[in-house]
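Visitor:
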Amino acid sequence: MTENVEVEVKLPVISLDLVEACKLYGNFFEGRDEEEIKEMVKEYKMFWRLIKKYPKQPFSPTERIDEVWHLHMLHPQNYFADSKGYFNGILSHHAGFGKKDDELPELLRITDVRNEIWEKEYGYKLTRTV
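Taking my numbering, the leading residue of the sequence shown gets 12, the next gets one more, and so forth.
Here's what the structure looks like:
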């Protein structure tokens, strides 16, 4: 009989100070205090962890996670190294998925599954933003 063993997956170590990068970038992050930005960066790392732990499950980010993700990708050398180091490959980002009418139901389904897994893993709910 095979035992179902839970493998520990740690949060990624990001080579870029994402909190500082968010503060400098402004735009979406403008007017947010450092504690909120730290929480956003933490959720981004937690999102990466879920992707690694559940490799066959598609995931969609919240708006907050997506903005940190976009900022990380604006530093391609860091993003490449971090992604390769954590996933052993580049984490693709499918920007705009769900904007087409025929994609929206799938995006909503993926988002609901993400929220269920998030709550199971981290003990709290994310808002259902897409």
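Heads up, the beta-carbon is just placed ideally off N, CA and C, and yes, glycines get one too.
Near W59, which residues of its chain fall below 6 Å by C-beta distance, leaving aside the five closest residues on each side in sequence?
Guide: Locating residue 59 in the sequence shown gives position 48, counting from the first residue. Cβ neighbours of W59 beyond the five flanking positions: P23.
Visitor: Please go through the same chain and pick out, in chain order, the residues whose beta-carbon is closer than 6 Å to the beta-carbon of R75, but skip the five residues on each side of it.
Guide: The residue given as residue 75 occupies position 64 in the sequence shown. So the qualifying residues of the chain are M51.
Visitor: Mapping the DSSP letters down to three states, classify Y36 as helix, strand or coil.
Guide: Sequence index remark: in the sequence shown, residue 36 carries index 25 (1-based). Reduced to three states, the DSSP call for Y36 is helix.
Visitor: Are the region 106-113 and the region 85-97 touching by the rule of at least three beta carbon pairs closer than 8 Å?
Guide: no
Visitor: Need the endpoints of the alpha helix (DSSP H) that Q68 sits in, please.
Guide: As a working note, residue 68 is residue 57 in the sequence shown. No alpha helix (DSSP H) contains Q68, which DSSP labels as neither H nor E.
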